[in-house]
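Asker:
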Amino acid sequence: MANKTKTVWFCRSCGNESPKWMGRCPACGEWNTMVEETVATGTSSRTAAAETFSASVRKPLPLKAIDSSVESRVSLRNAELDRILGGGLVEGSLVLIGGEPGIGKSTLSLQIPLACPHLKTLYVTGEESAKQVKLRAARIGGDDSNCLIFSETLMENILREARDIKPDLMVVDSVQTMFSQNVESSPGSVTQIRETAALLLRFAKETGIPVILIGHITKEGSIAGPKILEHIVDVVLQFEGDNRGSYRLLRSIKNRFGSTSELAVFEMTGSGLREVSNPSEMLIPMHEEGLSGVAVAAMLDGTRPFLIEVQALVSSAVYGTPQRSAMGFDVRRLNMLLAVLEKRAGFRLSAKDVFLNMAGGLRVSDPACDLATVCAVLSSAFDVAVPADVCFAGEVGLSGEIRPVPQTERRIAEAGRLGFRRIYVSSFASQDLPATGIQVVKVSDIPALVRSLFGNSAT
44 MANKTKTVWF CRSCGNESPK WMGRCPACGE WNTMVEETVA TGTSSRTAAA
94 ETFSASVRKP LPLKAIDSSV ESRVSLRNAE LDRILGGGLV EGSLVLIGGE
144 PGIGKSTLSL QIPLACPHLK TLYVTGEESA KQVKLRAARI GGDDSNCLIF
194 SETLMENILR EARDIKPDLM VVDSVQTMFS QNVESSPGSV TQIRETAALL
244 LRFAKETGIP VILIGHITKE GSIAGPKILE HIVDVVLQFE GDNRGSYRLL
294 RSIKNRFGST SELAVFEMTG SGLREVSNPS EMLIPMHEEG LSGVAVAAML
344 DGTRPFLIEV QALVSSAVYG TPQRSAMGFD VRRLNMLLAV LEKRAGFRLS
394 AKDVFLNMAG GLRVSDPACD LATVCAVLSS AFDVAVPADV CFAGEVGLSG
444 EIRPVPQTER RIAEAGRLGF RRIYVSSFAS QDLPATGIQV VKVSDIPALV
494 RSLFGNSAT
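For the sequence shown, the residue numbers in this note's numbering are 44 to 502.
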């Protein structure tokens with residue numbers, strides 16, 4: 044029977060199919076996620092897909108008969124990338140790397156084979172020509188003796204070549220440009236992305252060849268395509284940071300073979316992404332001492348402690364309504380902290396403009412930055428500099444109390460290692476904090492902090 048086509052609506056979030064458009068998906072409840080697709084109906088032969096894979100017969104196994112040894116991992120010769128993956132790339136895994144345009148996804152995916160000449164790599168590009176990839180590889184540098192470039196977008200051709208070549212690693216840039224001839228819709232559609240991801244997953248699991256996918260993101264910041272794409276893959280890594288700056292953060296969103304509490308830091312240079320083994324070096328003060336409105340927070344992202352500079356500027360409001368602006372920090376939390384300062388500590392900031400910035404283009408969500416934020420705001424309001432060898436780690440409550448934060452010991456150890464002489468923490472923190480050559484000052488609330496830090500300057 045000849046195939047017919049019809050128009051259906053798919054939910055980008057859950058993949059639910061509907062015969063008509065609806066403002067709210069009936070399956071997942073998300074609003075404005077329905078997209079129109081044209082699909083084939085009737086008896087569709089899938090011979091092309093069947094030819095791509097071998098007809099392997101599998102049988103159920105007793106649980107006790109399954110080998111539970113540690114997965115075989117492949118080192119990518121990049122300490123930051125190996126650590127965020129949990130010790131290396133697992134054989135047969137499917138890794139998805141997402142991020143904004145120009146943030147370094149394609150650069151990182153090409154650096155991997157150039158740094159690993161011991162791995163035969165098939166680099167599939169659907170966005171660039173082979174010549175463009177060659178020019179980028181020449182700029183990055185490295186050993187390109189074992190990297191094969193294949194400019195193709197048809198999945199059946201890609202998988203056929205991959206089975207003939209038998210690479211140790213396959214990179215696909217990007218999944219939104221790939222399409223299968225078994226689906227009658229355009230590349231990048233919900234149906235095509237779902238079919239492409241399923242074909243690559245089956246290929247990786249049957250052959251044991253790890254596959255790295257590059258994914259685009261939407262204007263909301265989520266990976267383009269159906270949410271099922273993130274469910275199919277084994278690892279989801281998300282690039283963060285301002286692409287106008289030089290630093291990039293690679294965060295683990297999902298990892299079936301390791302922890303999701305990991306963060307890798309890179310610096311974009313003319314020759315590609317450089318590993319930053321000590322992020323505190325780029326985030327601590329890089330200016331002369333004696334400047335007001337600057338404080339250092341001992342924060343924790345996942346399991347990695349590092350110090351970041353918090354910058355604040357408080358000035359008289361020029362317009363009728365004071366401005367509240369925050370870069371890299373939740374502006375609603377800033378408003379809450381300013382309200383606490385006014386209500387609980389008596390500082391009149393309602394007629395002041397307050398601007399806050401996190402150095403290095405980093406976006407923070409750790410509540411331990413509250414204390415440094417308050418100190419930076421007060422320092423700018425009093426025009427009194429916070430000593431350069433002082434840092435802070437504490438959460439501020441609505442009643443003005445300073446609450447303890449998790450893993451205070453690791454934050455203190457990191458501050459002591461970087462040469463800080465004093466750190467302010469909550470008085471409710473653990474009593475047996477380790478002595479690391481740094482003075483630990485415990486304060487219970489905002490007034491006690493102001494008296495200890497600013498003294499008579501706060502009057």
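We put the CB at the ideal spot given by N, CA and C, even for glycine. All figures in this text were calculated on a predicted structure; none of them were measured in a lab.
1. Quick check: A436 and I466, are their CB atoms within less than 8 Å of each other?
2. Excluding sequence positions up to five away, which residues of its chain have a Cβ less than 8 Å from the Cβ of R89?
3. Who are the near neighbours of S304 in its chain, counting only those whose CB is closer than 7 Å to its CB and skipping five residues on each side?
4. Over what stretch of residues does the alpha helix (DSSP H) that includes K177 continue unbroken?
5. Report all residues from its chain with a CB closer than 6 Å to the CB of L104; omit the five preceding and five following residues, and keep chain order.
6. Give me the Cβ distance between A340 and A240, rounded to the nearest whole Å; I'm assuming they're in contact under 8 Å.
7. Within 10 angstroms of its Cβ, does Y166 collect 16 or more other Cβ (buried), or is it exposed?
8. Consult DSSP for A411 and reduce its assignment to one of helix, strand or coil.
9. With V167 as the anchor, note down where its alpha helix (DSSP H) starts and where it stops.
10. Cβ atoms of E457 and S323: under 8 Å apart, would you say?
11. Taking the alpha carbon of D409 as the reference point, which residue from R454, D211 and V117 has its own alpha carbon closest?
12. With burial defined as no fewer than 16 other Cβ atoms inside 10 Å of the residue's Cβ, what is the status of F222: buried or exposed?
13. Tell me whether the region 175-183 and the region 228-243 touch, counting them as touching only if at least three CB pairs, one residue from each stretch, are closer than 8 Å.
14. So that I know if they touch, is there some Cβ in chain C lying closer than 8 Å to that of Q175?
15. Where do the ends of the beta strand (DSSP E) carrying A3 lie?
16. Rounding to the nearest angstrom, what Cα-Cα distance links K485 and S469 in this structure?
17. How would you label A382, buried or exposed, when you count the other beta carbons within 10 angstroms and need 16 or more for buried?
18. Which of helix, strand or coil does DSSP assign to F425?
19. Any idea which residues DSSP pairs G258 with across the strands?
20. Quick check: the Cα distance between L13 and I255, rounded to an integer number of angstroms?
21. Between the Cα of D373 and those of F390, R387 and R406, spot the shortest distance and give me the residue it belongs to.
22. So, are the CB atoms of L399 and M370 less than 8 Å apart?
23. Considering Cα atoms alone, identify which of N59, A70, G72 and C71 is closest to E79.
24. By Cβ distance, which residues of its chain are closer than 7 Å to G129, with the 5 residues on each side in sequence left out?
25. Measure the alpha-carbon distance for R116 versus G268 and round it to whole angstroms.
26. In chain order, what residues of the same chain have a beta carbon less than 7 Å from the beta carbon of V483, not counting five sequence neighbours either side?
27. Please say whether T164 and T196 have beta carbons closer to each other than 8 Å?
28. Pair every Cβ in the region 310-324 with every Cβ in the region 384-401, then say whether three or more of these pairs are closer than 8 Å.
29. Look up P473 in the DSSP assignment and say whether it is helix, strand or coil.
30. Which residues bound the beta strand (DSSP E) around K395?
31. Could you please give the first and the last residue of the uninterrupted alpha helix (DSSP H) stretch that includes M198?
32. Enumerate in chain order the residues of its own chain whose CB-to-CB distance from Q366 is below 6 Å, with the five nearest sequence positions on each side excluded.
33. Can you tell me where the alpha helix (DSSP H) holding K386 begins and where it ends?
34. Among W74, C418, S56 and A415, which one has its Cα closest to the Cα of S265?
35. Please tell me whether S217 and G169 are closer than 8 Å, where the distance is taken between their beta carbons.
36. Count the other CB atoms, across all protein chains shown, that sit within 10 Å of the CB of K148; report buried if there are 16 or more and exposed otherwise.
Answerer: From the atom records:
1. Result yes, Cβ atoms of A436 and I466 sit closer than 8 Å.
2. Bear in mind that the predicted position of R89 carries a pLDDT of just 49, short of 50, making it unreliable; the figure below should be weighed with that in mind. For R89, where only same-chain residues beyond five positions count, the Cβ hits under 8 Å are N225.
3. Counting only Cβ-Cβ distances below 7 Å, and skipping sequence neighbours, we find G345 and T346.
4. Per DSSP, K177 belongs to the alpha helix (DSSP H) from A173 to I183.
5. The answer is none, since no qualifying residue turns up.
6. Here A340 is actually not in contact with A240; their C-beta atoms are around 39 Å apart, not less than 8 Å.
7. Label assigned to Y166: buried.
8. Look at A411 here: in three-state DSSP terms it is coil, with no helix or strand label.
9. Per DSSP, V167 lies in no alpha helix (DSSP H) segment; the continuous beta strand (DSSP E) that holds it begins and ends at T164 to T168.
10. Yes, they are a contact pair.
11. Of the candidates R454, D211 and V117, the one whose C-alpha sits nearest the C-alpha of D409 is R454.
12. Counting Cβ neighbours within 10 Å, F222 comes out buried, since at least 16 surround it.
13. The answer is no - the region 228-243 does not touch the region 175-183, with fewer than three Cβ pairs under 8 Å.
14. Absence of chain C from the displayed structure is noted, only one protein chain being present.
15. Because the chain is modelled from 44 through 502, residue 3 falls outside the range shown and cannot be assessed.
16. So the alpha carbons of these two residues sit roughly 5 Å apart.
17. A382 should be labelled exposed.
18. Here F425 sits in helix by DSSP.
19. DSSP, once it has assigned bridges, lists G141 as partnering G258.
20. The chain is shown from 44 up to 502; residue 13 falls before or after that span and cannot be answered.
21. Residue nearest to D373 within the set F390, R387 and R406 is R406 (criterion: CA-CA distance).
22. For L399 and M370, yes; Cβs fall inside 8 Å.
23. Of N59, A70, G72 and C71, the residue nearest in Cα terms is N59.
24. Counting only Cβ-Cβ distances below 7 Å, and skipping sequence neighbours, we find N298, F300, G301 and S302.
25. R116 and G268: Cα-Cα distance of roughly 29 Å.
26. Taken in chain order, the residues that qualify are I455, I466, V468 and L476.
27. No, the Cβ-Cβ distance between T196 and T164 is not below 8 Å.
28. As far as the Cβ criterion goes, the region 310-324 does not touch the region 384-401, which means the pair count is below three.
29. In the sequence as presented, Pro is not what sits at residue 473; that position holds Ser. Three-state result, S473: coil.
30. K395 to M401 is the extent of the beta strand (DSSP E) around K395.
31. M198 to I208 is the extent of the alpha helix (DSSP H) around M198.
32. Contacts found: D396.
33. Run containing K386: V374 to R387, per the alpha helix (DSSP H) assignment.
34. For S265, the closest of W74, C418, S56 and A415 by C-alpha to C-alpha distance is S56.
35. Note that the C-beta distance between S217 and G169 is below 8 Å.
36. Label assigned to K148: buried.
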